[in-house]
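Numbering (our numbering), first residue to last: 56 to 333.
Glycine is no exception: its CB is placed at the ideal position from the N, C-alpha and C atoms.
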Amino acid sequence: MDARKIAEEHLDAWRREDPETVASVSGYEDPGSGGVLCGPELAAYAAALMDSFKNLRFEVEAVTGDADAVTVSWTLTADHRAAYLGMPATGGTARVTGTDLVTAGGHVRRTFDRLALAEALGYAARFVPEADDVREFGTSARTSSGRTDRPGAFSLTWLEIRDAAEAADVDLLSVEIVKSLRASRGFLGVTTVDVGNRKYTLSAFDTPESVRAVHARPHQRAMRRFFRSGLCTRVHTSIWLPAKSREYARCPGCASVVPVGTGTACGCGWLPDDASLL
56 MDARKIAEEH
66 LDAWRREDPE
76 TVASVSGYED
86 PGSGGVLCGP
96 ELAAYAAALM
106 DSFKNLRFEV
116 EAVTGDADAV
126 TVSWTLTADH
136 RAAYLGMPAT
146 GGTARVTGTD
156 LVTAGGHVRR
166 TFDRLALAEA
176 LGYAARFVPE
186 ADDVREFGTS
196 ARTSSGRTDR
206 PGAFSLTWLE
216 IRDAAEAADV
226 DLLSVEIVKS
236 LRASRGFLGV
246 TTVDVGNRKY
256 TLSAFDTPES
266 VRAVHARPHQ
276 RAMRRFFRSG
286 LCTRVHTSIW
296 LPAKSREYAR
306 CPGCASVVPV
316 GTGTACGCGW
326 LPDDASLL
């Protein structure tokens, strides 16, 4: 078949969100496919992308080539409706440019900038090394209440996830939990860390009683999802009491080290302000 005709029908199948017709080509690959896909494997891959992005609007910018091979330059606008690359659904609209190289044999090689797509969804790319024999690497986030009380208790939770889709689901629950914690009496701050297949949450409170008083609905909903709906494969929860807490700050003038929270000033009279510890 003429390469131009194949390219036209292939793009039209994406516009119609028809994974079976997308899979009618002899082979397809893009930056996320992990190689050439065809048949049912390609149909499943296309269906997953179509679940993540709805209302696919491909605008063809240019077509070059002949009957044997053609290159189609396009701009895609789509609505982000489900997790993609670990990014939970934003509900926003993404816009990205790319090209399809299509041969008369029915092979399609699609290229586009995944970093640009992530940025279009409001995400900044961060690169981490591959795990080695000693360490795994990940990402983290911090939310502070603005209070500078010394923590009297910490709660530690971690969850083991199966895949990127479940990770995105847990992230959405985590956002709701953090929002509810900020309204809880005695809450000081929270740090979340994603490493490997685990998601850690470390929350600080002014007293152990404040931890026990947390009965936020998002937290209860997350626990029900684990016990009743099969969310995650393993969960750990615990409460920790600090045996010792010390903080030091360096004077910006004389570079002396001063203990924080003791009322002690450095030699030039500088007194550090208290800062949120988590």
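Any idea which residues DSSP pairs A196 with across the strands?
Taking the sequence shown and counting its residues from 1, one reaches residue 196 at position 141. According to DSSP, which records beta bridges pairwise, A196 is partnered with T247.
My output table needs one value for S128: the three-state DSSP class, helix, strand or coil.
Taking the first residue of the sequence shown as 1, we reach residue 128 at position 73. Three-state DSSP puts S128 in a strand.
Name the two residues that bound the continuous alpha helix (DSSP H) containing G146.
Indexing the sequence shown from 1 puts residue 146 at position 91. Careful: G146 lies outside any alpha helix (DSSP H) and carries neither H nor E.
Please state whether DSSP places D155 in a helix, a strand or coil.
Mapped onto the sequence shown, residue 155 falls at position 100. Strand at D155.
Under the rule that 16 or more other beta-carbon atoms within 10 Å means buried, what is M105, buried or exposed?
If you number the sequence shown from 1, residue 105 lands on position 50. It is buried - the Cβ of M105 has at least 16 other Cβ atoms within 10 Å.
With DSSP collapsed to three states, give me the class of Y100.
Within the sequence shown, residue 100 is the residue found at index 45, counting from 1. Helix, per DSSP.
I need the straight-line Cα distance from S258 to A173, nearest angstrom please.
The residue labelled residue 258 in the question sits at position 203 within the sequence shown. The residue labelled residue 173 in the question sits at position 118 within the sequence shown. Looking at the two C-alpha atoms, the distance is approximately 29 Å.
Give the single residue among M142, E114, A179 whose Cα lies nearest to the Cα of V151.
Here residue 151 corresponds to residue number 96 of the sequence shown, with the count starting at 1. Of the candidates M142, E114, A179, the one whose C-alpha sits nearest the C-alpha of V151 is E114.
Alpha carbon to alpha carbon, what distance is there between S200 and R237?
Position 182 of the sequence shown holds residue 237. Position 145 of the sequence shown holds residue 200. Their Cα atoms are separated by approximately 6 Å.
T262 to P327, Cα distance in whole Å?
In the sequence shown, the residue the question calls residue 262 occupies position 207. In the sequence shown, the residue the question calls residue 327 occupies position 272. Cα-Cα distance, rounded: 24 Å.
So does the region 211-218 actually touch the region 291-299, counting three or more Cβ pairs closer than 8 Å?
Flag = yes, the region 211-218 and the region 291-299 touch.
Is D168 buried or exposed, if buried means 16 or more other CB atoms sit within 10 Å of its CB?
Here residue 168 corresponds to residue number 113 of the sequence shown, with the count starting at 1. Flag for D168 reads exposed.
Is F242 close to chain C? Criterion is C-beta to C-beta, closer than 8 Å.
Going by chain labels, chain C is absent from the structure shown, which holds only one protein chain.
Tell me which residues share the same chain as A171 and place their Cβ nearer than 6 Å to its Cβ, disregarding the 5 neighbours each side in the sequence.
As a position in the sequence shown, residue 171 is number 116, starting the count at 1. Hits under 6 Å: V151.
Less than 8 Å between C-beta atoms, sequence neighbours within five positions excluded: which residues of the same chain meet that for T194?
Counted from its first residue, the sequence shown places residue 194 at position 139. Excluding residues within five positions, the ones whose Cβ falls inside 8 Å are R181, V183, V248, D249.
What are the boundary residues of the beta strand (DSSP E) that T254 is part of?
Working through the sequence shown from its first residue, we reach residue 254 at position 199. The amino acid at residue 254 is misidentified as Thr; the sequence shows Lys. Start and end: 253-260.
Apart from the five residues on each side of it in sequence, which residues of its chain come closer than 7 Å, Cβ to Cβ, to A137?
As a working mapping, residue 137 is identified with position 82 in the sequence shown. So the qualifying residues of the chain are D106, S107, A144.
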